[in-house]
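Here's the structure we're looking at; comments come further down.
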Amino acid sequence: MLNPIDTEAVIRDGRVAGTFPGEIQQGVAWWVAACFVVTSKTHQLVVAHDGHPTTAEFHRRFCRGAINAQHFACQVSDLGAADEAQLLRAMRDLEETPGALLTTTENEDRQTVTIRLYDADGQQVTDETGLAAIRDMIAADHVPIPVNDQARGRIIDRVTWQGPA
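Residue numbers (our numbering): 139 to 303.
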């Protein structure tokens with residue numbers, strides 16, 4: 139792992155979160171996304187962010203990690219800036235697809251970046267439903283990489299998407 143993190147401190151309580159810079163860095167988003175695709179065994183994922191400037195690079199790396207997860211060729215539907223309700227609606231509209239919401243909050247002189255993962259039923263992923271497995275994969279430096287170029291997925295810009303046709 140190029141920039142190790144304290145996985146126990148950052149990946150807990152139903153989310154991935156830490157102060158930036160410091161506890162968390164942008165590469166974590168790549169790792170989490172790739173591991174989430176593998177642990178959920180999904181070929182499709184919906185991703186949104188809060189529009190905060192700090193979140194932008196985390197969001198970009200999350201999408202890249204998801205499309206580069208082993209042999210899953212995951213298709214990422216990128217909603218761009220959206221809230222949780224919009225994310226959950228898109229997940230339902232796309233036939234119960236897992237999702238992720240990335241946000242940044244500011245408190246005085248520090249920022250906290252949070253990645254929340256949702257299963258195909260719209261429930262937040264917990265330790266029992268996959269977060270512990272993701273934490274263990276990252277702690278063991280077992281982040282899934284693509285097996286070949288054909289295994290790579292793609293990112294679909296759905297910023298202006300209003301639902302299925």
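Yeah, the Cβ is synthetic: ideal placement off N, Cα and C, and Gly gets one too.
At least 3 beta-carbon pairs within less than 8 Å: the region 247–254 vs the region 141–156: yes
4 or more residues per run - each alpha helix (DSSP H) lying fully within the region 225–301: 270–277
Status (buried if at least 16 other CB within 10 Å, exposed otherwise) for Asp216: buried
Identity of the residue in Gly203, His197, Phe158 nearest Gln249 by Cα: Phe158
Same chain, Cβ closer than 8 Å to Ala303, neighbours up to 5 away in sequence not counted: In this predicted model, Ala303 has a pLDDT of only 47, less than 50, meaning its place in the structure is not dependable; the value taken from the coordinates is given anyway. None.
Environment of Pro191 [buried if 16+ CB atoms lie within 10 Å]: exposed
Reduced DSSP secondary structure (H/G/I, E/B, other) of Ile143: coil
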